[in-house]
Amino acid sequence: MAADHRTDHATHQRPDRHTDHPARTTPPTFEALLAEGASVPTEGWDFSWFEGRATEARPSWGYAVSMAGRLSRAHAALDVQTGGGEVLDFALARAGRRPPLTVATEGWPPNVAKATALLAPRGVAVVAVAEDAPLPFADGAFDLVVSRHPVRPHWTEIARVLRPGGTYFAQHVGPASVFELVEYFLGPQPDEARSARDPERERADAEAAGLDVVDLRAERLRMEFHDIGAVVHFLRKVVWMVPGFTVEAYEPRLRALHERIRAEGPFVAHSTRHLVEARKPGAPTRPADRPS
C-alpha cells in the first residue's frame, strides 16, 4: 500500500477475506467495517493486517533484499526514518554479515518504542530524531545510509554523514502516489501537489548536495482496496494522504465508496516508487566495505 512516507506496504495478492468463508451468508455491514478499520492500531509499518483486504504490486527491484546485500558489506550503517524498524530488521536477518555499527532514526514516538523493541536484539541503536531535524551524527560517520519512504530526503545531511565513497541507497515515494484515493476525498489536486517528489527533481537536489546519482529507477504500481474497512485503516495509518481524516468527517464519502466497492469491485489506485542510489565522491575510507 502506498504512502508519502515509509510504506512499501506489506499487502498481499489474495482475495478479500470476507469471501474466504462460504458459510457466511451476510457480508459485514458498512458500520461494522468502519468500526473495524477505525479500531486497528496504527503504530509501526507492518501492513500485514491488510492481507485479504487490500493489495499492492511490489517494485521489481526488491528493495529490502537489495538492502541486505549492501548491509553485508558495510562497516557503519544508518537507516533514516526507520518507522517501526520492520524493513531494517528484515534486511539484517538476511544479511550475510551485519555491520559492526548500525543505527536507526525515527521521529514518531510510538514508532521509536516499537523500533527499539524490534531492533535492540540485533544490536541496533534507535535514536529519536524529528523528521526535519539535522542528523545527530558526526561528519563522515557512515559508509552506508538507507531509507525506505522518508517524508523527504534531507540531501545535505545525508551527504554530510556519509564517508567519501559512501552510498545512499533508498526507495522513495514518487509523484501523485495513490492520488486516485486522495482525490476521491479531497477533489482535484493542484499541479504542485501532483508533481511533488519527482525523481528527476530529487536527482538535481542530490547532485546539488554533492552526491553522484548512479542509479534512479521509477515504477507505477497497481493497488486495490477490497472493502471500506481497509480504506479507513489506510487513511488512519498514512495520515498525510487525507490530512485531518476522521470517519465522522468523511462518513458520506465513505458510505458512497462502500456502495461502489460492493457494486463494482475493488477500488483501484496506483502507487509510485523510485529507487535511488547515490554516492559521495572520494576514495572510500575502508575499501573492503565499499557498497557495490
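Be aware that the sequence shown starts at 267, since it is given in the numbering used here, and climbs by one per residue.
Heads up, the beta-carbon is just placed ideally off N, CA and C, and yes, glycines get one too.
Query: First and last residue of the uninterrupted beta strand (DSSP E) at Leu487; Result: Asp478 to Phe491
Query: Between the CA atoms of Pro430 and Pro550 - distance to the nearest angstrom; Result: 5 Å
Query: Beta-carbon spacing of Glu446, Val534 below 8 Å; Result: yes
Query: Test item: CB-CB of His492 and Phe296 under 8 Å; Result: no
Query: Per DSSP, the bridge partner or partners of Thr371; Result: Val393
Query: Close-in-space but distant-in-sequence residues of the same chain around Pro568 (CB under 7 Å, 5 per side omitted); Result: Shown here, the chain extends from 267 to 558; a query on residue 568 therefore has no answer.
Query: Assigned exposure category for Ala343 - 16 Cβ within 10 Å defines buried; Result: buried
Query: Close Cβ partners of Val353 (< 6 Å) along its chain, the five nearest in sequence each way excluded; Result: Ala330 and Arg414
Query: Runs of beta strand (DSSP E) lying entirely within the stretch 326-366, each at least 3 residues, in chain order; Result: 342-345
Query: Outcome for Glu530 when other beta-carbon atoms lying within 10 angstroms are tallied against a minimum of 16; Result: exposed
Query: With 16 other Cβ atoms within 10 Å as the buried cut-off, status of Arg502; Result: buried
Query: Alpha-carbon spacing of Met507 relative to His438, whole angstroms; Result: 15 Å
Query: With 16 other Cβ atoms within 10 Å as the buried cut-off, status of Val480; Result: exposed
Query: Proximity of Pro465 and His536 at Cβ, strictly below 8 Å; Result: no
Query: DSSP beta-bridge partners of Thr538; Result: Arg486
Query: Cβ-based burial, Pro375 [other Cβ within 10 Å; buried from 16]; Result: exposed
Query: Chain-order list of residues whose beta-carbon lies under 7 Å from that of His521 (same chain, five-residue window excluded); Result: Residue identity check: residue 521 is Arg in the sequence provided, not His. Only Phe296 meet the Cβ criterion.
Query: Where Leu410 sits in the DSSP three-state scheme; Result: strand
Query: Distance between Gly548 and Ser338 (C-alpha atoms, nearest Å); Result: 21 Å
Query: Per-residue DSSP class, three states only, for Tyr434; Result: strand
Query: Secondary structure of Ala475, DSSP reduced to three states; Result: coil
Query: Inter-residue Cα distance where the pair is Arg488 and Glu322; Result: 6 Å
Query: Euclidean distance between Cα positions of Pro456 and Glu449; Result: 10 Å
Query: Thr348, buried or exposed, once every other Cβ within 10 Å from all chains shown has been counted against 16; Result: buried
Query: Local Cβ density within 10 Å of Ala404, reported as buried at 16 or more and exposed below that; Result: exposed
Query: Outcome for Arg319 when other beta-carbon atoms lying within 10 angstroms are tallied against a minimum of 16; Result: buried
Query: Phe451, DSSP secondary structure in three states; Result: helix
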